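S.K.: The numbering of the sequence shown is this note's numbering, which starts it at 14 and goes up by one.
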Amino acid sequence: MNFDRVAPYYRRLETLVFGDRLQAARCVFVRQLPPFRRALIVGEGDGRFLEQLRDAQPELLVECIDASEEMLELARARVGDRYTQFIQADIREAAFPAARYDLVVTHFLLDCFEERQLREVVEKLSAAAMSNAIWLVADFQKPVRGLRRAFGRLLIATMYLFFRSVAGLEARRLVDYAPFLAAHGFILEKESGAPNGMIRSQLWRHR
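#1: Pick out whichever of 168, 194, 172, 150 has its Cα sitting closest to the Cα of residue 204.
#2: Are three or more beta carbon pairs between the region 202–217 and the region 106–116 nearer than 8 Å?
#3: Buried or exposed: residue 81, going by 16 or more other Cβ atoms within 10 Å of its Cβ?
#4: For residue 114, report the span of its alpha helix (DSSP H) as first-last.
#5: Roughly how far, in whole angstroms, is the beta-carbon of residue 23 from the beta-carbon of residue 16, given that I think they are within contact range, below 8 Å?
#6: Please confirm whether residue 141 and residue 109 have their CB atoms less than 8 Å apart.
#7: Would you verify that the beta carbon of residue 128 is, or is not, closer than 8 Å to some beta carbon of chain C?
#8: Quick check: the region 129–137 against the region 73–88, are at least 3 beta-carbon pairs closer than 8 Å?
#9: Which ranges would you report for the beta strand (DSSP E) in the region 59–98 if only whole runs of at least 3 residues count?
#10: Rounded to the nearest angstrom, how far is the Cβ of residue 179 from that of residue 55, given a contact under 8 Å?
#11: Do you know how far the Cα of residue 188 is from the Cα of residue 14?
#12: Between which two residues does the beta strand (DSSP E) harbouring residue 155 extend?
#13: Give the C-beta separation of residue 92 and residue 67 to the nearest angstrom, bearing in mind that I take them to be a contact with Cβ-Cβ under 8 Å.
#14: Identify the residues that DSSP records as bridge partners of residue 204: which are they?
#15: Beta-carbon separation of residue 161 and residue 210 under 8 Å?
#16: Is the beta carbon of residue 61 sitting closer than 8 Å to the one on residue 45?
#17: Nearest to residue 191 by CA position, among 124, 53, 156, is which residue?
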């Protein structure tokens with residue numbers, strides 16, 4: 014799975030399909046966060062969330078991991094290297110020290126994995142989180158009823174087809190990550206949904 018091919022066009026594609034909804038979902042909690050010492054951001058993409066987090070907490074130490082070198086270069090060009098380490102790695106193969114981060118961020122990442130891989134990724138990131146750490150997630154969900162549900166199912170299926178073709182995505186459907194976070198001691202504290210019912214933002218805290 015690698016988004017190098019789509020990186021130069023990703024923002025335009027995102028805006029064409031969703032307008033500013035995905036960026037709003039990424040940033041909905043950013044001004045409500047307490048001060049952190051060290052953050053791990055996985056699958057950051059072109060750095061637009063990181064820019065907002067940097068603006069809110071300019072001295073926060075950040076490790077930003079992405080499988081796409083092109084995406085990392087876009088993020089680096091946007092925010093620079095000050096207090097930020099950019100690491101090209103597949104999260105499934107990366108290793109992290111135990112209990113290192115008090116903030117974990119996975120925006121529009123967990124939907125990229127089939128169930129077994131998702132369970133392993135959540136387990137790995139949970140082990141890297143400190144006690145009382147916050148985990149921010151923004152991701153897609155299927156609207157629950159009516160025409161929105163039918164349209165949402167069609168759009169999500171189309172996105173999976175597209176990204177399997179251009180980025181080698183292995184997942185074919187949405188898998189609910191919430192039970193895996195809960196199983197590793199995270200409690201959902203805040204949630205916000207987009208008006209279209211397809212996007213949710215959540216703030217989880219480690220016990």
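Every residue gets a Cβ at the ideal spot worked out from N, C-alpha and C, and that includes glycine.
Here the structure is a predicted model, which means the values were calculated and not measured.
M.R.: If we stick to the structure as given:
#1: The shortest Cα separation from residue 204 among 168, 194, 172, 150 belongs to 150.
#2: no
#3: buried
#4: Note, residue 114: premise wrong, no alpha helix (DSSP H); beta strand (DSSP E) at 114–120.
#5: 7 Å
#6: yes
#7: Annotation note: the requested chain C is absent from the structure, which comprises a single protein chain.
#8: no
#9: Listed in chain order, the complete beta strand (DSSP E) runs (minimum 3 residues) inside the region 59–98 are 74–79.
#10: Not quite, the Cβ-Cβ distance comes to about 20 Å (not below 8 Å), so this is no contact.
#11: 17 Å
#12: From DSSP, residue 155 is part of no beta strand (DSSP E); its letter is neither H nor E.
#13: 5 Å
#14: For residue 204, which the question treats as bridged, DSSP gives the partners 215.
#15: In this structure, residue 210 lies closer than 8 Å to residue 161 by Cβ.
#16: no
#17: 124
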